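Residue numbers (this note's numbering): 239 to 738.
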Amino acid sequence: MKYKNPVIKGFYPDPSVCKVGDTYYLVCSSMQYFPGVPLFESKDLVNWKQIGHCLTRKSQIKLDKSNSSGGVFAPTIRYNNGRFYMTTTNATTQQNFYVWTDDIYGEWSDPLFVNQGGIDPSLYFEDNNTYFMSNGEDDNGISGIVQCEIDIATGKKLTSSRTIWQGTGGRFLEGPHMYKINEMYYLVAAEGGTEFGHMITYARGDSPYGPFKSYPYNPVLTNRNLGGYEIQGVGHGDLVQDDKGNWWIIHLGFRQIGQWLAYHHLGREVFLTPVFFAEDGWFTAGYKGTTPQYFDIPSTFDNFIQYEKKCYTFENTEWDKEWCYIRLPNDENYILGENVLKLRGTKITLDELESPTFIGLRQKDFKAAISCNVSILDGEAGITLYMDENHHYDLALRKCTGGYEVIKRLNIGDIKSVEEQLEIKNINNVSLIIQADHEAYSFFIQLEKEKINLGTAQTKYLSSEIAGGFTGVIIGLYASNQGNYTYACFKDFKCNYFSF
Ligand code: 6LW
C-alpha cells in the first residue's frame with residue numbers, strides 16, 4: 239500500500255493504539271484543552287475518524303488551574319476482557335489515573351488513581367495480572383521506566399514500584415509500552431526529548447519484570463540526522479499488528495518549516511511507520527530507521543484510498559468531536575447550533591490562564607483559507623490563531639466609542655499590540671478572513687462591497703520553538719466582553735485546506 243504521512247494532521251501528540259476485531263482505536267494527548275483525550279477509529283491505520291473523547295465530563299479531569307501545555311499528557315489505550323482502558327497523567331495535579339468503558343462509543347468511567355509517580359503511564363495485561371508502567375522515579379529513588387502491579391478494579395498498587403529499564407542514555411526517557419511477542423517481552427520507549435532529537439528505542443527480556451536487554455542498534459527510529467527534511471521529531475510510539483501479521487508503529491512527529499533555523503507551529507502529529515521483525519526477534523522500523531513522507535509496501539491494506547477532509551464547516555463537523563475548549567468551559571456561554579454559533583463573552587480574555595469563551599479546531603495544514611461571518615452588539619468577537627495565552631493572533635470585531643471597529647491583534651510574548659484598527663459603519667455583514675500559508679498568515683475583512691487587506695503575521699512566532707510548549711495552533715472562535723454579557727453570532731464558518 240502507498241500512503242502519506244502524517245496520517246492524522248494537526249496537534250494530536252503522543253498517540254497510542256490498540257486493535258479489537260478488525261478495528262484500530264487511537265488516543266492522544268490534549269493538554270489544557272477540553273474534552274480530554276481525542277479518540278479515533280480506523281480500519282486501515284491510515285484513514286482515522288474521530289469518534290469522541292475519553293474525558294468528556296468535568297468530573298473526570300481537573301483542568302481549571304492547568305497551565306498551558308499542562309493538563310493531560312500522553313495517554314495509552316488498551317483492551318482487556320471486553321473492556322477498554324485509557325490511562326494518562328494530569329501533569330498539572332501530577333496524578334496518574336485510568337478510566338474504562340465497555341462501549342467505545344459511550345461514556346468512560348470516573349478516574350481511578352494509581353499511586354505511582356512520573357508521566358506517560360501504560361498498561362500491560364497478562365493472565366490476571368496488570369502491569370502499570372510510567373517514567374519517573376521508583377520507590378528507591380531510581381529513575382527510569384518504573385513498574386508496579388495494580389488491581390485493575392481499584393487502581394490499588396499490589397507491589398512496590400521498581401525501575402525496570404533505564405534506556406540507552408538519551409535524555410527524557412518516556413512513553414513506555416510493553417508487549418509480549420513470540421514469548422519475549424518488549425519494552426518500547428522514547429528518548430531524546432520531544433524536539434529535533436526525538437527517537438524510539440527498545441529492549442526485550444524473558445519476563446515482564448526484566449531484566450531487559452537493549453536492542454544493539456538503538457535508536458530503532460529517528461529523523462534526528464535528516465537535517466532539513468520536513469518530517470522531524472519522530473518518537474513516542476506504540477506497536478500494533480495487522481491481520482496479516484505485519485507490525486506497525488503509530489508515533490508522533492512534526493512537520494518543520496525552513497531548512498536551517500527550522501520551526502513547527504502545527505503541533506506534533508500522528509505518523510505511521512512499518513516495523514519489520516528479523517528472525518532473531520529484534521525489529522527494525524521505517525526506511526533505514528527513519529520515517530519519510532511516503533511508504534509504499536505490500537500489506538493487508540492494499541486497494542484503499544487515503545482520504546483527507548479538506549473543508550471544515552459548522553454543518554460538517556460535530557461540536558463534541560473535533561471542536562475543543564480551553565480548560566473547563568462555562569456551558570452557559572455557548573449556544574452550539576447547527577449552522578450558527580453564539581458565544582457570550584466574559585471578562586476573561588484570551589491572555590489569561592482561565593477559560594475564555596472560545597471553541598476551536600486544530601489547524602491541520604499549512605495552507606488554508608479560514609473565514610467566518612461575525613456580528614456583535616458589544617464587546618469583542620472574532621477568530622484567533624491560538625498557541626497559548628501569550629502567543630495568538632486575533633482578527634475581531636469590537637465595539638468602540640461611537641461605533642464598531644475591526645482589529646488585528648498580534649500577541650507575541652511580552653509584545654501585545656493592536657496592529658490595525660479600522661472603524662466600520664455597517665456591521666451587518668462582516669466576514670473575517672485569514673489565509674494561512676507556510677510562513678505567514680494574511681488577514682482580511684470582507685464588508686458588503688469591499689475586501690480590505692489588514693496585512694500579515696509570521697507563523698514562526700506561534701511555533702513551539704518560540705512559544706514553547708507541547709501544543710499546536712488552534713483556530714478558535716472567541717468572544718470577550720467587559721460589560722454587557724450579550725451573545726456574539728458566528729455564521730458561515732469555513733476552513734478550507736489546500737494540500738496533496
Ligand atoms: C509526553 C511525553 C512526550 O508526556 O511529550 O513526546 C510529553 N513525548 O512523552 C507531552 O506531550
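Heads up, the beta-carbon is just placed ideally off N, CA and C, and yes, glycines get one too. Small disclaimer: the values here were computed from a predicted structure and weren't measured.
Exposure label - Arg409; buried when at least 16 CB within 10 Å: Sequence index remark: in the sequence shown, residue 409 carries index 171 (1-based). Exposed is the call here.
Buried versus exposed, by CB contacts within 10 Å (16 or more), Leu301: Position 63 of the sequence shown, counted from the first residue, corresponds to residue 301. The residue in question, Leu301, is buried, as its Cβ has 16 or more Cβ neighbours within 10 Å.
Phe434 beta carbon near the ligand 6LW (any heavy atom closer than 8 Å): Residue numbering aside, residue 434 sits at position 196 when the sequence shown is read from its first letter. Not under cutoff, so the answer is no.
Ile488 beta carbon near the ligand 6LW (any heavy atom closer than 8 Å): Numbered from its first residue, the sequence shown carries residue 488 at position 250. Outside the cutoff, so no.
Buried or exposed by the 16-neighbour rule on C-beta atoms within 10 Å, applied to His415: One-based indexing of the sequence shown puts residue 415 at position 177. Under this definition His415 is a buried residue.
Proximity test, Asp476 beta-carbon vs the ligand 6LW heavy atom, cut-off 8 Å: Residue 476 sits at position 238 when you count from the first residue of the sequence shown. No, the beta carbon of Asp476 sits no closer than 8 Å to any heavy atom of the ligand 6LW.
Heavy atom of the ligand 6LW within 8 Å of Pro276 beta-carbon: If you number the sequence shown from 1, residue 276 lands on position 38. No heavy atom of the ligand 6LW is found nearer than 8 Å to the CB of Pro276.
Boundaries (first-last residue) of the beta strand (DSSP E) holding Glu387: Here residue 387 refers to the residue found at position 149 of the sequence shown. Element bounds for Glu387: Ser381 to Ile388.
Residues that DSSP places opposite Asn611 in a beta bridge: Within the sequence shown, numbered from 1, the residue matching residue 611 stands at position 373. For Asn611, which the question treats as bridged, DSSP gives the partners Ser669 and Lys729.
Buried versus exposed, by CB contacts within 10 Å (16 or more), Gln332: Stepping through the sequence shown from its first residue, residue 332 is reached at position 94. Flag for Gln332 reads exposed.
Backbone secondary structure at Ile740 - three-state DSSP: Only positions 239 to 738 of the chain appear in the structure, and residue 740 is not among them; the question remains open.
Buried/exposed call for Asp389, threshold 16 Cβ in 10 Å: For the purposes of this step, residue 389 is taken as residue 151 along the sequence shown, with counting starting at 1. Burial is judged here by how many other beta carbons sit within 10 angstroms of a residue's own beta carbon; Asp389 has fewer than 16 and is exposed.
Buried versus exposed call for Arg316 [16 or more other C-beta atoms within 10 Å across all chains shown]: Looking up residue 316 in the sequence shown gives position 78. So Arg316 counts as buried.
Collapsed DSSP secondary structure at Ala634 in the structure displayed: By 1-based counting over the sequence shown, the position of residue 634 is 396. The answer is strand: DSSP assigns Ala634 an E or B state.
Cys481 versus Asp260 - alpha carbon distance: Start at 1 with the first residue of the sequence shown, and residue 481 comes out as number 243. Start at 1 with the first residue of the sequence shown, and residue 260 comes out as number 22. It is Asp, not Cys, that sits at residue 481 in the sequence shown. Distance from the CA atom of Asp481 to the CA atom of Asp260, rounded to whole angstroms, is 8 Å.
Exposed unless 16 or more other CB atoms sit within 10 angstroms - verdict on Ser593: Translated into the one-based positions of the sequence shown, residue 593 becomes position 355. Buried, since its Cβ has 16 or more Cβ neighbours within 10 Å.
Alpha-carbon spacing of Gln494 relative to Ile357, whole angstroms: Counting from one through the sequence shown, the residue named residue 494 turns up at place 256. Counting from one through the sequence shown, the residue named residue 357 turns up at place 119. Gln494 and Ile357: Cα-Cα distance of roughly 26 Å.
Residues sharing a beta bridge with Cys562, DSSP: In the sequence shown, counting from the first residue as 1, residue 562 sits at position 324. The partner list for Cys562 (beta bridge, DSSP) reads Gly598.
Under the three-state DSSP convention, the category Ser753 falls into: Because the chain spans 239 through 738 in this model, residue 753 falls outside it and cannot be assessed.
Touching by the beta-carbon criterion (3+ pairs, under 8 Å), the stretch 630-642 and the stretch 576-586: Of all C-beta pairs linking the stretch 630-642 to the stretch 576-586, fewer than three are shorter than 8 Å, placing the two stretches out of contact.
Of the residues Asn461, Trp485, Met269 and Tyr699, the one placed nearest Pro530, counting alpha carbons only: Mapped onto the sequence shown, residue 530 falls at position 292. Closest option to Pro530, judged by alpha-carbon separation, among Asn461, Trp485, Met269 and Tyr699: Asn461.
For Ser360, the first and last residue of its enclosing beta strand (DSSP E): On the sequence shown, residue 360 is found 122 positions in, with the first residue counted as 1. Residues Ile357 to Glu364.
Between the CA atoms of Ile380 and Gly374 - distance to the nearest angstrom: Sequence index remark: in the sequence shown, residue 374 carries index 136 (1-based). Sequence index remark: in the sequence shown, residue 380 carries index 142 (1-based). Their Cα atoms are separated by approximately 8 Å.
Euclidean distance between Cα positions of Gln404 and Leu264: Position 166 of the sequence shown holds residue 404. Position 26 of the sequence shown holds residue 264. Distance between the alpha carbons of Gln404 and Leu264 is about 27 Å.
Closer than 8 Å: Ser267 CB and nearest the ligand 6LW heavy atom: By 1-based counting over the sequence shown, the position of residue 267 is 29. At least one heavy atom of the ligand 6LW lies closer than 8 Å to the C-beta of Ser267.
Own chain residues within Cβ distance below 6 Å of Ile665, not counting five before or after: Mapped onto the sequence shown, residue 665 falls at position 427. Excluding positions up to five away in sequence, the list reads Tyr642.
Closest by C-alpha distance to Lys242, when choosing among Ser609, Asn611 and Val508: The residue you call residue 242 lines up with position 4 of the sequence shown. The shortest C-alpha separation from Lys242 is found at Val508.
With 16 other Cβ atoms within 10 Å as the buried cut-off, status of Gln659: Counting from 1 along the sequence shown, the entry for residue 659 is found at position 421. Looking at its Cβ environment, which holds fewer than 16 other Cβ atoms inside 10 Å, Gln659 is exposed.
Simplified DSSP state of Ser702, which is helix, strand or coil: Your numbering for residue 702 matches position 464 in the sequence shown. Note: Ser702 maps to helix in three-state DSSP.
Ser655 versus Glu590 - alpha carbon distance: Along the sequence shown, read from residue 1 onward, the residue named residue 655 stands at position 417. Along the sequence shown, read from residue 1 onward, the residue named residue 590 stands at position 352. In a straight line, the C-alpha of Ser655 is about 16 Å away from that of Glu590.
Integer Cβ distance of Gly710 from Leu504, believed to fall under 8 Å: Position 472 of the sequence shown, counting from 1, holds the residue named residue 710. Position 266 of the sequence shown, counting from 1, holds the residue named residue 504. About 5 Å separates the two Cβ atoms, so the contact holds.
Per-residue DSSP class, three states only, for Asn571: Within the sequence shown, the letter at position 333 stands for residue 571. Correct three-state label for Asn571: helix.
Lys394 versus Leu477 - alpha carbon distance: One-based indexing of the sequence shown puts residue 394 at position 156. One-based indexing of the sequence shown puts residue 477 at position 239. Per the coordinates, the alpha-carbon of Lys394 lies some 27 Å from the alpha-carbon of Leu477.
Top-ranked residue by Cα proximity to Asn649, from Ile614, Ile564 and Leu700: On the sequence shown, position 411 is the one that residue 649 refers to. Among Ile614, Ile564 and Leu700, the Cα nearest to that of Asn649 belongs to Leu700.
For Lys418, the first and last residue of its enclosing beta strand (DSSP E): Start at 1 with the first residue of the sequence shown, and residue 418 comes out as number 180. It spans Glu412 to Ile419 - the beta strand (DSSP E) in which Lys418 sits, taken as one unbroken run.
Start-to-end residues for the beta strand (DSSP E) that takes in Cys256: Position 18 of the sequence shown, counted from the first residue, corresponds to residue 256. Run containing Cys256: Ser254 to Val258, per the beta strand (DSSP E) assignment.
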